[in-house]
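Everything on this sheet refers to the single structure shown next.
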């Protein structure tokens, strides 16, 4: 893995599937190249927007292999390696390290609710110790509204202290400004510990606080707009650039449709490949009527 | 799989691990025989009390193989086959069917919260369709306080209608009397659809409502007491027998310690094998002081 801290705009890459639910690898690798050409610094394969946990460990590792074989430089990849089982998380993390990927984005075990910080420390430590490789860069994945498992600043500090270098940062998808600030405070104590936000809506705020960038679902459909904000976050008109990233997310939220299914419909439209609109259960494809409604809303002029 | 409906007392079998976190297969198979000799009609391997989701699919299947190879009749086994991924759940379920086990106890995908009944129907249907074997008996696993995913009576009715015979029943670990009653109403419409309660505290109530028995963590440590209630639920003193099942659960709840870690400490004490007290992260072993406190409480005379 590279020694540099991670910085930039990363897409938690959507995962195209066929009607039989298998991953459509040609469409997937093509999309990865499209996102990198479109402005993403790198990709997070198998994050929440990728429906990571809906695929088996074997499917996830085979898909990572296919992306690297297609010519994507592994140092541009961070691999979502979280699983309910720490043994499975270690297997996925080890595969990422050995494939030369920059790092891993790792969920805590997410089945049992209400686990202690001690239990979470032991969970991440079990993965780090089993992989036992100095090249590992682990980013801890904070998305309590989905995983049900908050990662406290004191837990992250303890990990940063116990695993210097390998405990490389955090992705905060809470969407909460105070939480993000608390993570900036952790990062200030551990130089090199990177903070990524999980929504591009907080990208400017995150950069101002010393963060590393964003890993945002919207980067799947608007990579260039988010990249423009990242490249110009110190410009006088940065607030305008921030506002320009909002319209797709606002339209989806307004529709009330599932975010992941909606993003896949937009990619189907952008790529001209209708098969992109499929999601794996327990998510449900948008109906044709819903797809039409969403695309009609997005075809309206973007507010200046 | 057997044609008979499942009835009786089943232990969601605790899973012993070594210090390196691997499953201690000799201790495991010995314990399975102990529970069957102690009064259990059968075993549920890899339920919530077994820390199922803390083990990889490969570890789970190898452990099931070891139990059958040790001489446990597969028709006495129900295999917890739930996973966050429907593909992995199908793999685990197929393995159970092909191993001759009575059935599978299947969680819904449990990563994404707030999924629709349509998404849950498609999830279970994906598993049933991929396994595609008339011998399959699937029990749907309702434990919303842990999984975060409630299974509604209308969802279960739809499954029972769409997969007659294969949709064999439900385990209700909600602990809620009204929920249990709602499931009895479903079962009344689909003869053969079995309702199990997840706490022995509702066993008498469940039998009176037409249910099939219980799959209860306490059956790991008190199989004979719970079996006595099952065998005599129509006796005049059934309420007394019900009350006699309560003391261990009450002591653990009073202690405030984690239920699974506590049950393992009790098994360590009962079997004289201290290694039994280990749990996998994210759970945390009880400290020696906590173990002493729990065992001292349990050594007091049981109220008549």
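Protein chains in written order, with this note's numbering: chain A, 1 to 304; chain B, 1001 to 1304.
Idealized CB from N, CA, C, for every residue including glycine.
Hey, how far is the Cα of residue i from the Cα of residue j?
| i | j | result |
| --- | --- | --- |
| residue 257 of chain A | residue 285 of chain A | 10 Å |
| residue 158 of chain A | residue 1153 of chain B | 45 Å |
| residue 291 of chain A | residue 1295 of chain B | 60 Å |
| residue 1160 of chain B | residue 1217 of chain B | 26 Å |
| residue 3 of chain A | residue 104 of chain A | Any answer about residue 3 of chain A is weak, because its pLDDT of 43 lies below 50 and its placement is not dependable; what the coordinates show is given next. Approximately 14 Å, taken between the alpha carbons. |
| residue 219 of chain A | residue 226 of chain A | 7 Å |
| residue 1075 of chain B | residue 1289 of chain B | 41 Å |
| residue 1176 of chain B | residue 168 of chain A | 44 Å |
| residue 54 of chain A | residue 214 of chain A | 23 Å |
| residue 57 of chain A | residue 99 of chain A | 15 Å |
| residue 110 of chain A | residue 1237 of chain B | 43 Å |
| residue 21 of chain A | residue 1246 of chain B | 46 Å |
| residue 1001 of chain B | residue 1094 of chain B | Because residue 1001 of chain B sits at a pLDDT of 38, beneath the cut-off of 50, its placement in the model cannot be relied upon, and the point is left open. |
| residue 120 of chain A | residue 114 of chain A | 10 Å |
| residue 1148 of chain B | residue 1142 of chain B | 10 Å |
| residue 45 of chain A | residue 1274 of chain B | 42 Å |
| residue 1102 of chain B | residue 260 of chain A | 37 Å |
| residue 1118 of chain B | residue 1174 of chain B | 21 Å |
| residue 1243 of chain B | residue 283 of chain A | 43 Å |
Using CA atoms only, rank isn't needed, just tell me which of the options is closest to residue i.
| i | options | result |
| --- | --- | --- |
| residue 195 of chain A | A/39, A/211, A/261 and A/239 | A/211 |
| residue 1068 of chain B | B/1132, B/1007 and B/1026 | B/1026 |
| residue 1037 of chain B | B/1104, B/1223 and B/1275 | B/1223 |
| residue 165 of chain A | A/185, A/272 and A/137 | A/137 |
| residue 1085 of chain B | B/1100, B/1079, B/1124 and B/1101 | B/1124 |
| residue 1181 of chain B | B/1101, B/1202 and B/1095 | B/1202 |
| residue 13 of chain A | A/6, A/19, A/23 and A/142 | A/23 |
| residue 92 of chain A | A/242, A/110 and A/59 | A/59 |
| residue 293 of chain A | A/208, A/254 and A/21 | A/254 |
| residue 1183 of chain B | B/1234, B/1282 and B/1150 | B/1150 |
| residue 146 of chain A | A/31, A/272, A/43 and A/49 | A/49 |
| residue 87 of chain A | A/241, A/162, A/131 and A/287 | A/131 |
| residue 178 of chain A | A/162, A/240 and A/209 | A/209 |
| residue 239 of chain A | A/163, A/200 and A/144 | A/200 |
Between which residues of its own chain and residue i is the CB-CB distance below 8 Å, once the five residues before and five after are set aside?
| i | result |
| --- | --- |
| residue 1300 of chain B | none |
| residue 1221 of chain B | 1248, 1263, 1266, 1267 and 1270 |
For residue i, does the three-state DSSP call read helix, strand or coil?
| i | result |
| --- | --- |
| residue 138 of chain A | strand |
| residue 20 of chain A | coil |
| residue 1080 of chain B | strand |
| residue 1172 of chain B | strand |
| residue 198 of chain A | coil |
| residue 186 of chain A | helix |
| residue 68 of chain A | helix |
| residue 1214 of chain B | strand |
| residue 1151 of chain B | coil |
| residue 1295 of chain B | helix |
| residue 10 of chain A | strand |
| residue 115 of chain A | coil |
| residue 42 of chain A | strand |
| residue 62 of chain A | helix |
| residue 91 of chain A | helix |
| residue 29 of chain A | helix |
| residue 1103 of chain B | strand |
| residue 1219 of chain B | helix |
| residue 251 of chain A | helix |
| residue 73 of chain A | coil |
| residue 235 of chain A | coil |
Could you tell me whether the Cβ atoms of residue i and residue j are closer together than 8 Å?
| i | j | result |
| --- | --- | --- |
| residue 1066 of chain B | residue 1035 of chain B | no |
| residue 1028 of chain B | residue 1063 of chain B | yes |
| residue 33 of chain A | residue 9 of chain A | no |
| residue 1089 of chain B | residue 1127 of chain B | yes |
| residue 263 of chain A | residue 229 of chain A | no |
| residue 71 of chain A | residue 107 of chain A | no |
| residue 192 of chain A | residue 172 of chain A | no |
| residue 170 of chain A | residue 139 of chain A | yes |
| residue 278 of chain A | residue 96 of chain A | no |
| residue 1077 of chain B | residue 1043 of chain B | yes |
Only counting the same chain, and skipping five residues up and downstream in sequence, which positions put a Cβ closer than 6 Å to that of residue i?
| i | result |
| --- | --- |
| residue 1051 of chain B | 1015 and 1280 |
| residue 186 of chain A | 153, 156 and 157 |
| residue 298 of chain A | 251 |
| residue 1233 of chain B | 1204 and 1207 |
| residue 276 of chain A | 16, 264, 267 and 268 |
Can you pull the chain E neighbours of residue i, defined as C-beta to C-beta under 8 Å?
| i | result |
| --- | --- |
| residue 1055 of chain B | Among the protein chains in the structure shown, which are A and B, there is no chain E. |
Beta-carbon within less than 7 Å of residue i's beta-carbon, same chain only, minus the 5 sequence neighbours each way: which residues are those?
| i | result |
| --- | --- |
| residue 1047 of chain B | 1012, 1080, 1105 and 1215 |
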